[in-house]
Each structure stands twice: as structure tokens, then as C-alpha cells.
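Please read the structure below before turning to the comments.
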Amino acid sequence: MLTKSIPFNLFNGCKAISLTSLHYKTHVTKDKLKTYKMGVITAIAAHEKQNIETILKFNQDIVPSIILNEITGSNDMFLFVLIWALQCKELEVISSVFIMALVNLFTFMEKKFDFICKHIEMGTIPTDESLSSPLPIDVRLALQSSNYRLPPNPSRAQELHQIVSENGFHHINRRLWPNLKCGICIISQNFKQFELKFLSTYWDPVVPIFPYVYGMSEHHRIAVPLTTNSYQLIPLPRSVYYEFIEVENDDRDDDDDDQSPESLELGQIDEGKLYEVVLTTYNGLYRYRTEDIIKVTGHYYTLPVWKLVGRRGQYLSIITEHVTEMELREIIDLILLESIE
Numbered sequence: 001m002l003t004k005s006i007p008f009n010l011f012n013g014c015k016a017i018s019l020t021s022l023h024y025k026t027h028v029t030k031d032k033l034k035t036y037k038m039g040v041i042t043a044i045a046a047h048e049k050q051n052i053e054t055i056l057k058f059n060q061d062i063v064p065s066i067i068l069n070e071i072t073g074s075n076d077m078f079l080f081v082l083i084w085a086l087q088c089k090e091l092e093v094i095s096s097v098f099i100m101a102l103v104n105l106f107t108f109m110e111k112k113f114d115f116i117c118k119h120i121e122m123g124t125i126p127t128d129e130s131l132s133s134p135l136p137i138d139v140r141l142a143l144q145s146s147n148y149r150l151p152p153n154p155s156r157a158q159e160l161h162q163i164v165s166e167n168g169f170h171h172i173n174r175r176l177w178p179n180l181k182c183g184i185c186i187i188s189q190n191f192k193q194f195e196l197k198f199l200s201t202y203w204d205p206v207v208p209i210f211p212y213v214y215g216m217s218e219h220h221r222i223a224v225p226l227t228t229n230s231y232q233l234i235p236l237p238r239s240v241y242y243e244f245i246e247v248e249n250d251d252r253d254d255d256d257d258d259q260s261p262e263s264l265e266l267g268q269i270d271e272g273k274l275y276e277v278v279l280t281t282y283n284g285l286y287r288y289r290t291e292d293i294i295k296v297t298g299h300y301y302t303l304p305v306w307k308l309v310g311r312r313g314q315y316l317s318i319i320t321e322h323v324t325e326m327e328l329r330e331i332i333d334l335i336l337l338e339s340i341e
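Sequential numbering of the sequence shown, starting at 1, is according to full-length UniProt numbering.
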């Protein structure tokens, strides 16, 4: 499953935190005939979190589970996660569904650093006035109980202030947590601008980022990255039945009117060509056209290796010119690289 991108058993028992909120709200349809639960994360994210914890056996006792289960706002959750995480100097793994959450966490930490350190020093939790939404009474009482309450830690607060005073927040991850082994999240070409910002500011690239999946809500895991910090993907042949529709360079941004285009199987696609991914799943989804466009870049043994280059039919219309998603992304990446240099 994850043995290529993440060595099996590498993180067993690691001290880790997750940025995946598990809070769900109950909703009732207008006709009141159906009740369902909807979370701030998608079903795929919940499934991935469960698999990551099961497969890698993380020790996620650092942050109380009640924080992930009951706190609704992302900034409020970041605040409480950081109060607990920054006290744990031995933290080894930070996991998230997407890299944007890691960027947002560190950005929020920089903004609220003094406020967080004050609570670490005093062993307190924020009042409702400093939160986006008031904490439910039972949650506040639980966090203040002997089961979860953190003791005052002025020495750690002083150490944190010293770390920031020396070199600011540049590549601060290893200075806050010297034992940090990696971050785990989904990265792709679509999120490259977030990754470039992250690696040039808060995250020291010496600490690898393990990308763990290429998937979608229709099927949660259909390919895994070739290496760390990699956009190169290896398909999992037994996860779904793959088909591919060849896409020409000049029509990848146009709608395909052919309802039954010729498809190729996994072993028939050629290096250097573009294809749209088509899936048939064990759950009954038949020949589903994902509209994801991939480019085959090589082979891993007999399996093709590809990278995601964009989506079919997504482009920016400027008067009479159409700019594809990939072209727009390349422009943004160049601007970001120039600004970093």
C-alpha cells in the first residue's frame, strides 16, 4: 500500500500530530425525510486518516482527541493543536490531508506565536473571547480536567521565544522539533505554489515530505508517489481497473463530444503522451471519466510512471485566447521562483 513512498514500519510508535478535524454536523433535508452527517473534511480525508493511523501506528496522544472531534473552526483547532504540539519537543511527525493545511498552520503560528507561548507558560487555554466560536462547556471542562490539562511550562515558553529571536520563522520546523522526521500530506502539481512557499519559508527541506496518495472522492487510493517530495506516481493495478483515453496537446482543454472514445489499458500507454484517466471500481463505478490529465514520464519495472498535469476542460478565457490550467500554473511557478530568488 504505502511501502514505496513510506517505508513500512518506519514510523511505528512515533509521536505525531494530525491536522485533520473529525468534527461532523448533523443536517436534515428540507423535506425532513433524510438526516446525514457532514464534516469539515471529505470522506476520502477521513478514510485516509484512518488508514494512516492504522498502517503507520502513530502515537497521536500529544493532542487530545476531543480537540479534533469537537472544535469546528480551523483557526481555533490550529490554536489548540499548537498549544499542545509546541510543548512536545520530541514531536516526530506532522500529518495533514493536503499541504495547504501545513502552510496555514505555520502561518497561523507566526501570527499568534506570543499568544500561544503565553498559554504554554501559564498552563492555560484561551478564553472564548479569543476564539472564533465559543467552546462548548463540556469541551472546556474536559480540557481543564486532570486528564488533559497541561501544567505551566515557563522553561519551554522561554525556549520557544529564544528560538524565534535567533532566526525568526525561517525553516523553523527543525528548530522547534529537533526530532522531526517528516511531514505527511498530499502534494501535486496543483499545489506546487503552496509547496514552494512552504519550503522557502517555514519548512526546512532537509526534513522530507512524504506524499502518500493520488486519489479522489470516487476512490481514495489509486496511485502512490515514486519517492519523497515527488510528483511522479505509480499506479496500484489492483485498486481499480484502469483505462486511458489519449489526449492530444491541442485538445486537452476542450470538451470531448465523443461519448465512446477508444481507450487503452495500463500496459498500452506510451511514455511522453497525455491521457485522461478512466476508472472502474470494485464498488460499482463503471468506466468513470475522471477528467484528470496525466503525462507518462517513464516506468517503474513494468508499471508506467506518470504525473498529473491538469484537468480536461479547465482554462482561463481572455478575450479570444484560452489559457489552459497547466500553462497558467507554469506562469505562476515562474513568478514564484523569481520572487524567491
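Backbone N, C-alpha and C fix where the C-beta goes; we use that ideal spot for every residue, glycine too.
* With a cut-off of 8 Å, do at least 3 Cβ pairs link the region 139 to 153 to the region 162 to 176? -> Output reads no: the region 162 to 176 does not touch the region 139 to 153.
* Any chance you could list the beta strand (DSSP E) runs of at least 3 consecutive residues sitting entirely within the region 113 to 187, in chain order? => Annotation note: the region 113 to 187 contains the following uninterrupted beta strand (DSSP E) runs of length 3 or greater, listed N- to C-terminal: 182 to 186.
* Nearest-angstrom Cβ-Cβ length linking V247 and Y275, presumed shorter than 8 Å -> Numbered from its first residue, the sequence shown carries residue 247 at position 247. Numbered from its first residue, the sequence shown carries residue 275 at position 275. Rounded, the Cβ-Cβ distance is 6 Å, consistent with contact.
* To do: Counting only the same chain and skipping the five closest in sequence on each side, list residues whose C-beta sits under 8 Å from that of I62.
  => By 1-based counting over the sequence shown, the position of residue 62 is 62. Hits under 8 Å: K15, A16, I17, W84, A85, C88, L91.
* Asked: CB-CB under 7 Å to A223, same chain, minus the five flanking residues each way: which ones, in chain order?
  -> Numbered from its first residue, the sequence shown carries residue 223 at position 223. Here the set comprises Y214, L233, I234, P235, L236.
* To do: Mind the definition here: the region 63 to 81 touches the region 122 to 137 only if three or more C-beta pairs lie below 8 Å; say whether that holds.
  => Enough Cβ pairs lie closer than 8 Å, so yes.
* Just the C-alpha distance for K181 and S260, rounded to the nearest angstrom, thanks. => The residue labelled residue 181 in the question sits at position 181 within the sequence shown. The residue labelled residue 260 in the question sits at position 260 within the sequence shown. Each residue's alpha carbon lies about 48 Å from the other.
* DSSP three-state call for E195: helix, strand or coil? -> For the purposes of this step, residue 195 is taken as residue 195 along the sequence shown, with counting starting at 1. For E195, the secondary structure class from DSSP, reduced to helix, strand or coil, is helix.
* If you draw a straight line from the C-alpha of I187 to the C-alpha of Y202, how long is it? -> On the sequence shown, residue 187 is found 187 positions in, with the first residue counted as 1. On the sequence shown, residue 202 is found 202 positions in, with the first residue counted as 1. Between I187 and Y202, the C-alpha separation is close to 16 Å.
* Nearest-angstrom Cα distance between T297 and L68? -> Along the sequence shown, one-based indexing puts residue 297 at 297. Along the sequence shown, one-based indexing puts residue 68 at 68. If you take the alpha carbons of T297 and L68, they lie about 39 Å apart.
* Asked: Around the Cβ of H299, are there at least 16 other Cβ atoms within 10 angstroms (buried) or fewer (exposed)?
  -> Within the sequence shown, numbered from 1, the residue matching residue 299 stands at position 299. Taking all protein chains in view, the Cβ of H299 is surrounded by fewer than 16 other Cβ atoms within 10 Å, so the residue is classified as exposed.
* Residues sharing a beta bridge with I269, DSSP -> Taking the sequence shown and counting its residues from 1, one reaches residue 269 at position 269. None, per the DSSP bridge assignment.
* Whose C-beta lies closer than 7 Å to the C-beta of W306 among residues of the same chain, with five residues either side of it excluded? -> In the sequence shown, the residue the question calls residue 306 occupies position 306. The answer, listed in chain order, is L233, I294, K295, V296, T297.
* Asked: Which of helix, strand or coil does DSSP assign to W306?
  -> Mapped onto the sequence shown, residue 306 falls at position 306. In the structure shown, W306 sits in a strand (DSSP, three-state: E or B).
* Pick helix, strand or coil for L334, following the three-state DSSP scheme. => One-based indexing of the sequence shown puts residue 334 at position 334. Here DSSP, grouped into helix, strand and coil, assigns L334 to helix.
* Rounded straight-line distance, which links the Cα of L196 to that of L334 -> Start at 1 with the first residue of the sequence shown, and residue 334 comes out as number 334. Start at 1 with the first residue of the sequence shown, and residue 196 comes out as number 196. The C-alpha of L334 lies about 11 Å from the C-alpha of L196.
* To do: Enumerate in chain order the residues of its own chain whose CB-to-CB distance from E271 is below 8 Å, with the five nearest sequence positions on each side excluded.
  => Residue mapping note: residue 271 aligns to position 271 of the sequence shown, counting from 1. Excluding its 5 nearest sequence neighbours in each direction, E271 has C-beta neighbours in its own chain below 8 Å: V296, T297, G298, H299, P304, listed in chain order.
* To do: Confirm the yes/no value for this check: CB of L143, any heavy atom of the ligand NAD, distance under 7 Å.
  => Of the ligands one can find in the structure shown there are none, so the ligand NAD has no counterpart to examine.
* Asked: Can you tell which of S155, I94, L79, V81 has the C-alpha that lies nearest to the C-alpha of V207?
  -> Here residue 207 refers to the residue found at position 207 when the sequence shown is read from its first residue. The shortest Cα separation from V207 among S155, I94, L79, V81 belongs to I94.
* When the Cα atoms are used, what is the spatial distance from I137 to E159? -> Locating residue 137 in the sequence shown gives position 137, where the first residue counts as 1. Locating residue 159 in the sequence shown gives position 159, where the first residue counts as 1. Cα-Cα distance, rounded: 32 Å.
* Would you report the Cα separation of L141 and I66, rounded to the nearest angstrom? -> Your numbering for residue 141 matches position 141 in the sequence shown. Your numbering for residue 66 matches position 66 in the sequence shown. CA-to-CA, the gap between L141 and I66 works out to about 11 Å.
* Asked: Count the other CB atoms within 10 Å of the CB of K112; is the residue buried (16 or more) or exposed (fewer)?
  -> Position 112 of the sequence shown, counted from the first residue, corresponds to residue 112. The residue is buried, with at least 16 neighbouring Cβ atoms inside 10 Å.
* DSSP state of L105, grouped into three classes? -> Taking the sequence shown and counting its residues from 1, one reaches residue 105 at position 105. DSSP places L105 in the helix class (H, G or I) of the three-state scheme.
* **Anticipated Cβ contact below 8 Å, L199 with S96, distance rounded** => The sequence position of residue 199 within the sequence shown is 199, counting from 1. The sequence position of residue 96 within the sequence shown is 96, counting from 1. Your pair L199 and S96 does not check out as a contact, with CB atoms roughly 15 Å apart and the cut at 8 Å.
* Asked: Taking C-beta to C-beta, are L279 and V240 nearer than 8 Å?
  -> On the sequence shown, residue 279 is found 279 positions in, with the first residue counted as 1. On the sequence shown, residue 240 is found 240 positions in, with the first residue counted as 1. Yes, the pair counts as a contact, with Cβ atoms nearer than the cut-off.
* To do: Starting from the Cα of I172, find the closest Cα among N229, L285, V103 and give me that residue.
  => Position 172 of the sequence shown, counted from the first residue, corresponds to residue 172. Checking every option, the nearest Cα to that of I172 belongs to V103.
* Asked: Is it true that the CB of E218 sits closer than 8 Å to the CB of R287?
  -> The residue given as residue 287 occupies position 287 in the sequence shown. The residue given as residue 218 occupies position 218 in the sequence shown. No; because the gap between Cβ atoms is not below 8 Å, this pair is not in contact.
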